[in-house]
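Engineer:
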Ligand code: PLP
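In my numbering, the protein residues as written are 111 to 515.
1. Enumerate in chain order the residues of its own chain whose CB-to-CB distance from residue 436 is below 6 Å, with the five nearest sequence positions on each side excluded.
2. Suppose contacts are defined by Cβ-Cβ distances below 8 Å. Is residue 159 in contact with residue 173 by that definition?
3. Pull the bridge partners of residue 251 from the DSSP assignment, please.
4. Report whether the distance from the Cβ of residue 212 to the nearest heavy atom of the ligand PLP is below 7 Å.
5. Using the three-state DSSP reduction, which class does residue 486 fall into: helix, strand or coil?
6. Tell me whether residue 320 is buried or exposed, calling it buried when 16 or more other Cβ atoms sit within 10 Å of its Cβ.
7. Please name the residue in 477, 444, 458 whose C-alpha comes closest to that of residue 491.
8. Any heavy atom of the ligand PLP inside 7 Å of the beta-carbon of residue 326?
9. Can you tell me which of the three DSSP states residue 342 falls into?
10. So is the beta-carbon of residue 337 under 7 Å away from any non-hydrogen atom of the ligand PLP?
11. The ligand PLP heavy atoms versus the CB of residue 473: any closer than 7 Å?
12. Please confirm whether any heavy atom of the ligand GTP lies closer than 7 Å to the CB of residue 477.
13. Does the ligand PLP have even one heavy atom less than 7 Å from the beta-carbon of residue 250?
14. Say yes only if the C-beta of residue 309 is nearer than 7 Å to one or more non-hydrogen atoms of the ligand PLP, and no if none qualify.
15. Is residue 143 near the ligand PLP, judged by its Cβ being under 7 Å from some heavy atom?
16. Just curious, the beta strand (DSSP E) that residue 198 is in, first and last residue?
17. If you follow the beta strand (DSSP E) that residue 217 is in, where does it begin and where does it stop?
18. For a minimum of 4 consecutive residues, which ranges assigned as the alpha helix (DSSP H) are wholly contained in the segment 368-452?
19. Hey, how far is the Cα of residue 151 from the Cα of residue 187?
20. To which residues does DSSP link residue 148 through a beta bridge?
21. List the DSSP bridge partners of residue 260.
22. For residue 278, report the span of its beta strand (DSSP E) as first-last.
23. Please determine whether the Cβ atom of residue 240 lies at a distance below 7 Å from any heavy atom of the ligand PLP.
24. Considering only the alpha carbon of each residue, which of 470, 359, 238 lies closest to residue 223?
25. Looking at the unbroken alpha helix (DSSP H) that takes in residue 178, where does it start and where does it end?
26. Taking contact to mean at least 3 C-beta pairs separated by less than 8 Å, is the segment 199-218 in contact with the segment 335-351?
27. Taking 7 Å as the cut-off, is the C-beta of residue 130 nearer than that to any heavy atom in the ligand PLP?
28. Are the segment 378-392 and the segment 355-364 touching, with three or more C-beta to C-beta distances below 8 Å?
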């Protein structure tokens, strides 16, 4: 049974005050807070185990290797992936998407097309634009509809067999919170023989994602948005693709043999993990997933959906507020503007009252451009937020609206 009060007690930071007010943290789409269990796992690693992985014959190195590879297995298990070769541990979703774009460059030629969702985070736009500059590929946007969902119908009209080589889509848009039709987009990619690349950074914190069941070729996730540490994430890739693609960065761990007459590469997943990995935070990521399992993740998501629905309803009841999008499948986020007020002023005044929200373009400038906005205020909820916090937020927002009138 999900119990929000006992869950909150596991997050030390939720007890702090900001400007003399109890903190209400509604900036979860930017990064989530971390439970004590994650902090303990990281501290335990550094106080008891710390050593470099894979190369040592001594006890600590063996323990560190076991803990790191154990974390990989745990992370894979959460996402339904059992082959460790398909679980590449990286810095986060940004690094995962850059890796994919750069290694897929070997498969693309000038004039090939990459379809990218219009509502993508910059992390799923700019790496493809960089390929346009270096390889001459054409980056085309899949338009967003009025509700904030990427249009599968439009994508079907855009694809060109033999020319469209990649479809890169965000599972959930960070500026709107729309859950896009991933099975539809992935199927479309496969129907035309294109690679499907999914940015799962905003989906994984809110949905049970089974990567093999979705069938994407590549799926990128960040730990820090799902109660794990910053600086660690995972790129899932299908083995048969990863085997044939060239390595990304060069250095230690990713090699088999190095000689000035030629170098051979390690097997998966280490072929894509050059250098000393982020051992402590991989362990912290696994601890975060253990934590999410322990609190009844499905119950937590039900609670989160209820408070999100309450927030949207309260926002809609206020004529001074305009909400960005109203997708049919919507998680966590409420992006909004107070009519006649700048989002930065709204966010700054709310901060004075103890409420942490985000303002600006949310690393999704094309989304803002599409809707004719310079930015929005964005409240994004997590399962540890409460109905009471939503009520207090709306009271505070009413005050801010009066102050800015
Ligand atoms: N993709 C989306 C949809 C995001 O919301 C974010 C972070 O805000 C990223 C990618 C970048 O992830 P990371 O912080 O792991 O680099």
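Where a beta carbon is used, it is the ideal one built from N, C-alpha and C, also for glycine.
Structural biologist: In short:
1. Within the chain shown, the letter at position 326 stands for residue 436. Hits under 6 Å: 257.
2. The sequence position of residue 159 within the chain shown is 49, counting from 1. The sequence position of residue 173 within the chain shown is 63, counting from 1. Yes, these two residues count as a Cβ contact at 8 Å.
3. Sequence index remark: in the chain shown, residue 251 carries index 141 (1-based). Answer is 226.
4. Numbered from its first residue, the chain shown carries residue 212 at position 102. Because no heavy atom of the ligand PLP lies under 7 Å away, the Cβ of residue 212 does not count as near it: no.
5. Looking up residue 486 in the chain shown gives position 376. Of the three classes helix, strand and coil, the one that applies to residue 486 here is strand, per DSSP.
6. Here residue 320 is taken as the residue at index 210 of the chain shown, counted from 1. Residue 320 comes out exposed.
7. Position 381 of the chain shown, counted from the start, is the residue given in the question as residue 491. Closest option to residue 491, Cα to Cα, is 444.
8. As a working note, residue 326 is residue 216 in the chain shown. No, Cβ of residue 326 sits at least 7 Å from all heavy atoms of the ligand PLP.
9. Numbered from 1 along the chain shown, position 232 holds the residue referred to as residue 342. Looking at residue 342 - three-state DSSP - the assignment turns out to be coil, as it is neither helix nor strand.
10. The count along the chain shown starts at 1 and reaches residue 337 at position 227. No, since every heavy atom of the ligand PLP falls outside the 7 Å radius drawn around the Cβ of residue 337.
11. For the purposes of this step, residue 473 is identified with residue 363 of the chain shown, where counting begins at 1. Checking the Cβ of residue 473 against the ligand PLP gives yes.
12. Absent from the structure shown: the ligand GTP. Ligands present: the ligand PLP.
13. Position 140 of the chain shown, counting from 1, holds the residue named residue 250. Answer for residue 250: no, Cβ out of range of the ligand PLP.
14. Here residue 309 refers to the residue found at position 199 when the chain shown is read from its first residue. Yes; taking the cut-off as 7 Å, the Cβ of residue 309 has a heavy atom of the ligand PLP nearer than that.
15. The residue you call residue 143 lines up with position 33 of the chain shown. No; taking the cut-off as 7 Å, the Cβ of residue 143 has no heavy atom of the ligand PLP nearer than that.
16. Counting from 1 along the chain shown, the entry for residue 198 is found at position 88. Residue 198 -> beta strand (DSSP E) spans 197-200.
17. Residue 217 sits at position 107 when you count from the first residue of the chain shown. No beta strand (DSSP E) holds residue 217; DSSP gives it neither H nor E.
18. 389-404, 407-426
19. Residue mapping note: residue 151 aligns to position 41 of the chain shown, counting from 1. Residue mapping note: residue 187 aligns to position 77 of the chain shown, counting from 1. Taking the straight line from one Cα to the other gives about 19 Å.
20. Stepping through the chain shown from its first residue, residue 148 is reached at position 38. The partner list for residue 148 (beta bridge, DSSP) is empty, contrary to what the question assumes.
21. For this step, residue 260 is matched to residue 150 along the chain shown. Its beta-bridge partners are 254.
22. As a first step, residue 278 must be located in the chain shown, where it is residue number 168. Here the beta strand (DSSP E) through residue 278 covers 274-280.
23. Within the chain shown, the letter at position 130 stands for residue 240. No, the Cβ of residue 240 stays beyond 7 Å of every heavy atom of the ligand PLP.
24. The residue labelled residue 223 in the question sits at position 113 within the chain shown. Of the listed residues, the one whose Cα sits closest to residue 223 is 238.
25. For this step, residue 178 is matched to residue 68 along the chain shown. From DSSP, the alpha helix (DSSP H) with residue 178 extends over 169-188.
26. yes
27. For the purposes of this step, residue 130 is taken as the residue at position 20 of the chain shown. Checking every heavy atom of the ligand PLP against the Cβ of residue 130, none is found closer than 7 Å.
28. yes
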